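Some notes on the structure that comes next.
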Amino acid sequence: GAGVSQTPSNKVTEKGKYVELRCDPISGHTALYWYRQSLGQGPEFLIYFQGTGAADDSGLPNDRFFAVRPEGSVSTLKIQRTERGDSAVYLCASGRDRFYGYTFGSGTRLTVV
Amino acid sequence: SQQGEEDPQALSIQEGENATMNCSYKTSINNLQWYRQNSGRGLVHLILIRSNEREKHSGRLRVTLDTSKKSSSLLITASRAADTASYFCATVQLYNQGGKLIFGQGTELSVKP
Numbered sequence: 041g042a043g044v045s046q047t048p049s050n051k052v053t054e055k056g057k058y059v060e061l062r063c064d065p066i067s068g069h070t071a072l073y074w075y076r077q078s079l080g081q082g083p084e085f086l087i088y089f090q091g092t093g094a095a096d097d098s099g100l101p102n103d104r105f106f107a108v109r110p111e112g113s114v115s116t117l118k119i120q121r122t123e124r125g126d127s128a129v130y131l132c133a134s135g136r137d138r139f140y141g142y143t144f145g146s147g148t149r150l151t152v153v
Numbered sequence: 561s562q563q564g565e566e567d568p569q570a571l572s573i574q575e576g577e578n579a580t581m582n583c584s585y586k587t588s589i590n591n592l593q594w595y596r597q598n599s600g601r602g603l604v605h606l607i608l609i610r611s612n613e614r615e616k617h618s619g620r621l622r623v624t625l626d627t628s629k630k631s632s633s634l635l636i637t638a639s640r641a642a643d644t645a646s647y648f649c650a651t652v653q654l655y656n657q658g659g660k661l662i663f664g665q666g667t668e669l670s671v672k673p
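For the record, the sequence lines run as chains A and B.
Those letters in the first sequence? Residues 41 to 153, by this note's numbering.
Those letters in the second sequence? Residues 561 to 673, by this note's numbering.
Here you go:
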């Protein structure tokens with residue numbers, strides 16, 4: 041597609057539930073990034089995929105967070121046993137490589153109640 | 561953790577005036593990028609400056625980079641009400657092969673008509 045698509049745009053879930061957030065990057069972009077942004081803060085890096093593999097997952101806060109990109113295109117961020125502190129906007133970005141800017145999606149606003 | 565620090569945190573100006581935002585970072589970089597964000601959702605890439613460049617222009621935007629001081633500035637000339645947004649600098653560290661961006665806290669710009 042023309043841009044990075046993220047679904048859903050908003051997600052409200054109960055504490056302890058499992059959620060999946062989807063990112064559909066720009067066709068042909070091999071690099072895909074997930075970020076998390078809390079109110080009033082800059083985006084915080086979570087994980088980076090180059091193709092199908094997670095090349096850098098150093099930003100995942102704990103083992104409740106997991107992400108996949110099985111065919112090198114669409115990626116899913118999975119959060120188990122959600123906590124209220126997981127509430128944030130989750131942003132996905134894709135790009136050609138590190139020498140160019142990245143295209144961000146509009147994000148998924150996750151609210152854990 | 562955030563690498564960049566931006567100054568000021570908030571800036572309010574009149575339409576037609578110039579807006580200058582500053583960014584400082586801590587480690588050696590491959591490149592530095594500026595992004596704009598409206599209403600806390602998707603970020604839009606504005607401009608990328610490489611570590612061996614000192615100044616770059618794009619329309620009404622002018623970015624400078626001083627690697628000796630580990631700082632950058634973004635100048636928006638002849639501002640418009642539509643420039644009202646949050647502006648973030650983000651760096652790609654020198655030896656990071658994955659190209660992950662490390663964001664600052666952002667500057668909130670308000671342009672009054």
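Idealized CB from N, CA, C, for every residue including glycine.
Only a predicted model underlies this, so the values are computations on that prediction, with no experimental measurement involved.
| Asked | Found |
| --- | --- |
| Inspect the CB distances between the stretch 125-136 of chain A and the stretch 633-643 of chain B and report whether three or more fall short of 8 Å. | no |
| Mind pulling the chain A residues with CB within less than 9 Å of N582 of chain B? | None at all; the shortest Cβ gap to chain A is about 15 Å. |
| Distance, Cα to Cα, Q653 of chain B vs N591 of chain B? | 7 Å |
| Applying a beta-carbon distance threshold of less than 9 Å, which residues of chain A neighbour L669 of chain B? | Correct list: empty, because the minimum Cβ distance to chain A is about 15 Å. |
| Considering only the beta carbon of each residue, do L100 of chain A and I87 of chain A sit closer than 7 Å? | yes |
| Does the CB of A128 of chain A have a neighbour CB from chain B at under 7 Å? | no |
| Assuming the contact rule is C-beta atoms closer than 8 Å, G135 of chain A and T148 of chain A should be a hit. Round their C-beta distance to whole Å, please. | About 19 Å separates the two Cβ atoms, so there is no contact after all. |
| Taking Cβ positions only, does S115 of chain A come closer than 7 Å to chain B? | no |
| Could you compute how far the alpha carbon of K629 of chain B sits from the alpha carbon of P568 of chain B? | 17 Å |
| According to DSSP, is G576 of chain B part of a helix, a strand, or is it coil? | coil |
| Counting only beta-carbon separations shorter than 7 Å, does A107 of chain A have a partner in chain B? | no |
| Suppose contacts are defined by Cβ-Cβ distances below 7 Å. Is Y647 of chain B in contact with R596 of chain B by that definition? | yes |
| Can you give me the Cβ contacts of D126 of chain A inside the same chain, cut-off strictly under 7 Å, excluding the 5 residues immediately before and after it? | I119, L150 and V152 |
| Report yes if the C-beta distance between G602 of chain B and G145 of chain A is below 7 Å; otherwise report no. | yes |
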